[in-house]
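Below you'll find the structure, written out as structure tokens, and then a few comments.
Protein chains: 2
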Amino acid sequence: MTSGLIVGAAGMVGVKLTRRLIQDGAVADKTIDQLTLVDVVPPASLDNPPFKIETRAADLSAPGVADTVVAGRPDLIFHLAAIVSGEAEADFDKGYRVNLDGTRSLFDAIRKVGGGYRPRVVFTSSIAVFGAPFPEAIGDTFFTTPLTSYGTQKAIDELLLSDYTRRGFMDGVGIRLPTICVRPGKPNKAASGFFSGIIREPLAGQEAILPVPETVRHWHASPRSAVGFLIHAARLDSLALGARRNLTMPGVSVTVGEQIAALRKIAGDAVASRIRRAPDATIMKIVEGWPRNFAPERALGLGFRAERDFEEIIRIHIEDELGGSIAR
Amino acid sequence: MTSGLIVGAAGMVGVKLTRRLIQDGAVADKTIDQLTLVDVVPPASLDNPPFKIETRAADLSAPGVADTVVAGRPDLIFHLAAIVSGEAEADFDKGYRVNLDGTRSLFDAIRKVGGGYRPRVVFTSSIAVFGAPFPEAIGDTFFTTPLTSYGTQKAIDELLLSDYTRRGFMDGVGIRLPTICVRPGKPNKAASGFFSGIIREPLAGQEAILPVPETVRHWHASPRSAVGFLIHAARLDSLALGARRNLTMPGVSVTVGEQIAALRKIAGDAVASRIRRAPDATIMKIVEGWPRNFAPERALGLGFRAERDFEEIIRIHIEDELGGSIAR
Chain A
7 MTSGLIVGAA GMVGVKLTRR LIQDGAVADK TIDQLTLVDV VPPASLDNPP FKIETRAADL
67 SAPGVADTVV AGRPDLIFHL AAIVSGEAEA DFDKGYRVNL DGTRSLFDAI RKVGGGYRPR
127 VVFTSSIAVF GAPFPEAIGD TFFTTPLTSY GTQKAIDELL LSDYTRRGFM DGVGIRLPTI
187 CVRPGKPNKA ASGFFSGIIR EPLAGQEAIL PVPETVRHWH ASPRSAVGFL IHAARLDSLA
247 LGARRNLTMP GVSVTVGEQI AALRKIAGDA VASRIRRAPD ATIMKIVEGW PRNFAPERAL
307 GLGFRAERDF EEIIRIHIED ELGGSIAR
Chain B
7 MTSGLIVGAA GMVGVKLTRR LIQDGAVADK TIDQLTLVDV VPPASLDNPP FKIETRAADL
67 SAPGVADTVV AGRPDLIFHL AAIVSGEAEA DFDKGYRVNL DGTRSLFDAI RKVGGGYRPR
127 VVFTSSIAVF GAPFPEAIGD TFFTTPLTSY GTQKAIDELL LSDYTRRGFM DGVGIRLPTI
187 CVRPGKPNKA ASGFFSGIIR EPLAGQEAIL PVPETVRHWH ASPRSAVGFL IHAARLDSLA
247 LGARRNLTMP GVSVTVGEQI AALRKIAGDA VASRIRRAPD ATIMKIVEGW PRNFAPERAL
307 GLGFRAERDF EEIIRIHIED ELGGSIAR
């Protein structure tokens, strides 16, 4: 039997992770008997879960809150909570308070439980810990020189995770997620939004805006892979992980042109023609600083798997979000 | 005219930096008119300095203290204050409070001054940001995976320095000092103490203990070089630095055997015979995790210079600390 905690459970990945845990009823070869869902907004309640679920609205960066969140000594903690890149850049204090102090509060709360408590903590980091210029493919020993406050906060959290693990306070694994594509839901104003938008909107019968040239290359994995990474990280052997606890996750490196070609192949010319080119210099400037390709050998060696190609990413979106049908 | 602030002015490097600034009377091509010396213990007062010197005892990690330290808007800030590796490992809370929170408080205090204030901040980081296993020589893009809490705190400070610089709050440069050798003063219990001890004690007519095999390789620079790095970092052009603000300093990579051979060449067999081998498995285990060699191309390209070889390091110790004479 095992008990779990998801911090940031109301977000897109948190909701999908919760559904997967309910579906599996187990994680890391152990039956789940209790799951606690925490977020700043109350996570949705769930009908007929196969184990006890407790939901709580809580802000980890507020004094004392983290202590109460881990007081039940969950065996497994997924820490997904963060404010996104754009907001961390717009509001310096809030970004550091939530993304750095909130994470440190959680790790410190775990440390202070004591009595041999040493949970597996799976933390979602980001490829934003890297900043241009890059080699052709970023290897596992490349340095973290983020070009955003969000990336800085994630890189700091990674260092804390490693040190708290080394000191024996917890058993952490940091996983650097690729850009999640195809992200479900409505278009948003994130600079990266178009990577999903140019697939999601045309498949739903709507126009999508492409603000960058088709030569732009980026690193993607599906929401289903993101959940798979989290589940796999939960069951990794501590000895196999060693001292280096932060891993770049596998993904698919494709150009925007290759994304569109995959869409055309799967859904046809009419769907692909719903993409409208509208170059935006501001977005292009932001995107230029982003990673394009990785060689995530350690994660592959540890058994993490993403999609084989971008067509598979599109097919997963059609299966998981569109019930298998396309608006042709 | 320029004004300076040294935080951590009472330490070995701080004292030598103060002397150098008094001797030069200028830094970065500007005449110094005011220097503030801050440390947790009151920095020594100085006779007849060529400019106004204010000394203060202050702990940056205490609330509000950092704000008062930067209230005078110094143009140039040297931030050398830290507790050492052994203490940060022994006292987890104190290490994070001083080495992380203290530095963040200083950077935040600078940020909050506002009104266009944007001082050059020279921060002493450490090669402890790196953790084994290493390549033959650690290049400028190698990742930081520290194996001590001290190294973790320094790596986090580096990330903060880069982000606060990128956001325009300050103009930071982080310099990763090699192990300083020959460190003057009495033997201490630091695991790295023997690197200096096997030179310093024999030259002073005393026995030194060597706890590791002569094959151990490490990365050294003299105290004079450390001060030189700080002065050079103070005058570096911001544009030449770009976004990557943390630099591994040059040094001399030698084995312990090469250190001893250099000592023998300079001071003779009688002096070199004052080294007693007393293998210590605990110290050896610690030292195995330390960097051995670097390829610090960026720092060299920016004009930083260390000694050419270990003999030069010994000669500098004899000149600067022993008045040119050896106890033969």
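Residue numbers (the numbering used here), protein chains in the order written: chain A, 7 to 334; chain B, 7 to 334. We put the CB at the ideal spot given by N, CA and C, even for glycine.
Within 10 Å of its beta-carbon, does residue i have 16 or more other beta-carbons around it, so buried, or fewer, so exposed?
i, result
"Thr288/B", "exposed"
"Met176/B", "buried"
"Gly263/B", "exposed"
"Ala16/A", "buried"
"Glu60/A", "exposed"
"Thr171/B", "buried"
"Gly31/A", "exposed"
"Met255/B", "buried"
"Glu313/A", "buried"
"Ser155/A", "buried"
"Gln29/B", "exposed"
"Thr42/B", "buried"
"Val47/A", "exposed"
"Lys160/A", "buried"
"Pro184/B", "buried"
"Ser331/B", "exposed"
"Asp163/B", "buried"
"Ala63/A", "exposed"
"Ala1/A", "Summary: the structure shown does not reach residue 1/A, with chain A confined to residues 7 through 334, and so no result is reported for it."
"Thr221/B", "exposed"
"Ala50/B", "exposed"
"Ala88/B", "buried"
So with CB distances below 8 Å, who are the chain A contacts of residue i?
i, result
"Ser231/B", "The contacting residues do not exist; Ser231/B stays about 24 Å from chain A at best."
Could you check the C-alpha separation between residue i and residue j for me, to the nearest Å?
i, j, result
"Gly92/B", "Thr37/A", "43 Å"
"Tyr123/B", "Glu95/B", "36 Å"
"Phe57/B", "Gly14/B", "20 Å"
"Leu209/B", "Arg280/B", "9 Å"
"Ile266/A", "Glu207/A", "12 Å"
"Ala278/A", "Arg334/A", "10 Å"
"Ile215/B", "Ile186/B", "18 Å"
"Asp35/B", "Leu11/B", "17 Å"
"Val119/A", "Thr74/A", "10 Å"
"Pro285/A", "Arg182/A", "29 Å"
"Pro55/B", "Pro193/B", "31 Å"
"Gly180/A", "Phe235/A", "10 Å"
"Arg304/B", "Ala143/B", "14 Å"
"Pro217/B", "Arg270/B", "19 Å"
"Asn299/B", "Gly199/B", "18 Å"
"Leu153/A", "Thr261/B", "38 Å"
"Pro302/B", "Gly145/B", "6 Å"
"Ile204/B", "Ile324/B", "14 Å"
"Asp243/A", "Thr8/B", "56 Å"
"Gly248/A", "Gly178/A", "11 Å"
"Met18/A", "Ala246/A", "30 Å"
"Val71/B", "Gly78/B", "13 Å"
"Val233/A", "Phe310/A", "11 Å"
Report the CB separation of residue i from residue j in whole angstroms; it is logged as a contact under 8 Å.
i, j, result
"Thr130/A", "Leu86/A", "5 Å"
"Val76/A", "Ala138/A", "About 37 Å; that fails the 8 Å criterion."
"Val135/B", "Gly157/B", "5 Å"
"Thr147/B", "Arg250/A", "Contact doesn't hold; Cβ gap of about 16 Å is too wide."
"Ser168/A", "Asn252/A", "7 Å"
"Ser228/B", "Ile319/B", "5 Å"
"Pro190/A", "Pro125/A", "Between Pro125/A and Pro190/A the Cβ distance is about 30 Å, and since that is not below 8 Å, they are no contact."
"Arg230/A", "Asp326/A", "6 Å"
"Ala197/A", "Val90/A", "Incorrect: roughly 10 Å between the Cβ atoms, too far for contact."
If the cut is a Cβ gap below 7 Å, which residues of chain B does residue i touch?
i, result
"Arg250/A", "Thr151"
"Phe148/A", "Thr147 and Phe149"
Find the residues of chain A that neighbour residue i, judging by a C-beta separation of less than 7 Å, and give them in chain order.
i, result
"Thr137/B", "Checking the displayed sequence, the identity of residue 137/B turns out to be Gly instead of Thr. By Cβ distance, chain A contributes Ala249."
Taking only beta-carbon positions, decide if residue i is within less than 7 Å of chain E.
i, result
"Gly92/A", "In the structure shown, chain E cannot be found, because the protein chains are A and B."
| message | Using a Cβ-Cβ cutoff of 8 Å, what residues of the segment 156–174 of chain B are near chain A? List them in chain order. | response | Close to chain A, meaning a Cβ-Cβ distance shorter than 8 Å, are the following residues of the segment 156–174 of chain B: Thr158, Ala161, Ile162, Leu165, Leu166, Ser168, Asp169, Arg172 and Arg173.
| said: So if I threshold CB-CB distances at 9 Å, which residues from the segment 191–214 of chain A count as touching chain B? | reply: When CB distances to chain B are screened at a threshold of 9 Å, not a single residue of the segment 191–214 of chain A falls below it.
| query | Given a limit of 7 Å on CB to CB distance, which residues of the segment 291–314 of chain B reach chain A? | reply | Look at the segment 291–314 of chain B: it has no residue with a C-beta under 7 Å from a C-beta of chain A.
| request: Output, in sequence order along the chain, the residues in the segment 99–129 of chain B whose CB is closer than 7 Å to any CB in chain A. | output: Within the segment 99–129 of chain B, no residue has a Cβ lying closer than 7 Å to any Cβ of chain A.
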